[in-house]
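*Asks:*
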Amino acid sequence: MKPFKYKPPRVNSGDLRTPITFYEYAPNNGPEPGESEKKILYDAWSKVVNVWLKDLEIAKSNGTLSDITITIRDPQADYIPTNKHYLSIDALEYRNKRYNVKHVQPDLQNKEFITIVARLTE
Numbered sequence: 017m018k019p020f021k022y023k024p025p026r027v028n029s030g031d032l033r034t035p036i037t038f039y040e041y042a043p044n045n046g047p048e049p050g051e052s053e054k055k056i057l058y059d060a061w062s063k064v065v066n067v068w069l070k071d072l073e074i075a076k077s078n079g080t081l082s083d084i085t086i087t088i089r090d091p092q093a094d095y096i097p098t099n100k101h102y103l104s105i106d107a108l109e110y111r112n113k114r115y116n117v118k119h120v121q122p123d124l125q126n127k128e129f130i131t132i133v134a135r136l137t138e
């Protein structure tokens with residue numbers, strides 16, 4: 017029989033150090049094209065991970081160099097992120113950048129968290 021060995025979780029609450037805000041966008045009023053923030057949907061603390069260095073070449077070839085992976089505590093029924101939502105990260109490196117939610121999946125290693133993949137909007 018294989019002996020029991022404790023494996024700590026990959027993400028815990030102490031890793032959630034970056035505040036993020038989820039937005040809903042709406043088309044601009046008038047003849048000008050584009051979108052603007054309609055309302056704030058949810059605020060959360062997150063762990064933000066950029067493209068890993070080992071995946072850099074694959075990301076370049078796929079055009080996903082600007083993708084980020086975000087882990088947040090599962091908000092249950094308070095908020096369910098979809099690909100129609102946008103987010104902003106409250107950190108100096110990400111100031112004035114908006115990301116579109118691309119994919120949402122539960123963290124299978126720890127059911128208390130969800131993982132969100134987002135892409136930088138131009």
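Read in order, the letters of the sequence shown correspond to residues 17 to 138 in my numbering. Even glycine gets a Cβ: it sits at the ideal position worked out from N, Cα and C. Predicted model only: the values in this text are computed from it and were never measured.
#1: For A60, which option in Y39, I88, L136 has the closest C-alpha, if you only look at C-alpha atoms?
#2: Hey, could you find the ends of the beta strand (DSSP E) S62 is sitting in?
#3: Just checking, does the segment 18-28 make contact with the segment 37-51 on the three C-beta pairs under 8 Å criterion?
#4: Considering Cα atoms alone, identify which of D123, E53, K100, E51 is closest to I86.
#5: Spatial neighbours of S52 within its chain, please: C-beta separation below 6 Å, excluding the five flanking residues on both sides.
#6: Give the single residue among V65, L103, D90, V64 whose Cα lies nearest to the Cα of L57.
#7: Can you list, in chain order, the residues of its chain with a C-beta nearer than 8 Å to that of T11? Leave out the 5 residues immediately preceding and following it.
#8: Give the secondary structure of I22 by DSSP, where H, G and I count as helix, E and B as strand, and everything else as coil.
#9: For E48, does the three-state DSSP call read helix, strand or coil?
#10: Skipping 5 residues on each side, what residues in its chain have a beta carbon closer than 6 Å to that of P91?
#11: Which value, in whole angstroms, describes the spacing of the CA atoms of I105 and S29?
#12: Can you grab the Cα-Cα spacing for the pair K55 / K21, in whole Å?
*Replies:* Quick look at the numbers:
#1: Translated into positions along the sequence shown, residue 60 becomes position 44. If we check each option's Cα against that of A60, I88 comes out closest.
#2: Translated into the one-based positions of the sequence shown, residue 62 becomes position 46. Unbroken beta strand (DSSP E) run through S62: 51-65.
#3: no
#4: Reading the sequence shown from its first residue, position 70 is the one you call residue 86. Minimum Cα distance to I86 is reached at D123.
#5: Against the sequence shown, residue 52 aligns to sequence position 36. Answer for S52: N44, listed in chain order.
#6: Translated into positions along the sequence shown, residue 57 becomes position 41. Considering only alpha carbons, the answer is L103.
#7: Outside the displayed span of the chain (17 to 138) sits residue 11, for which this structure offers no information.
#8: The residue given as residue 22 occupies position 6 in the sequence shown. The question names Ile, but residue 22 is Tyr in the sequence shown. Note: Y22 maps to coil in three-state DSSP.
#9: One-based indexing of the sequence shown puts residue 48 at position 32. DSSP places E48 in coil when its eight states are reduced to three.
#10: Position 75 of the sequence shown, counting from 1, holds the residue named residue 91. Within the same chain, P91 has no close Cβ partners at all.
#11: Here residue 105 refers to the residue found at position 89 when the sequence shown is read from its first residue. Here residue 29 refers to the residue found at position 13 when the sequence shown is read from its first residue. For I105 and S29, the distance between alpha carbons rounds to 18 Å.
#12: Residue numbering aside, residue 55 sits at position 39 when the sequence shown is read from its first letter. Residue numbering aside, residue 21 sits at position 5 when the sequence shown is read from its first letter. Answer to the nearest angstrom: the Cα atoms are 47 Å apart.
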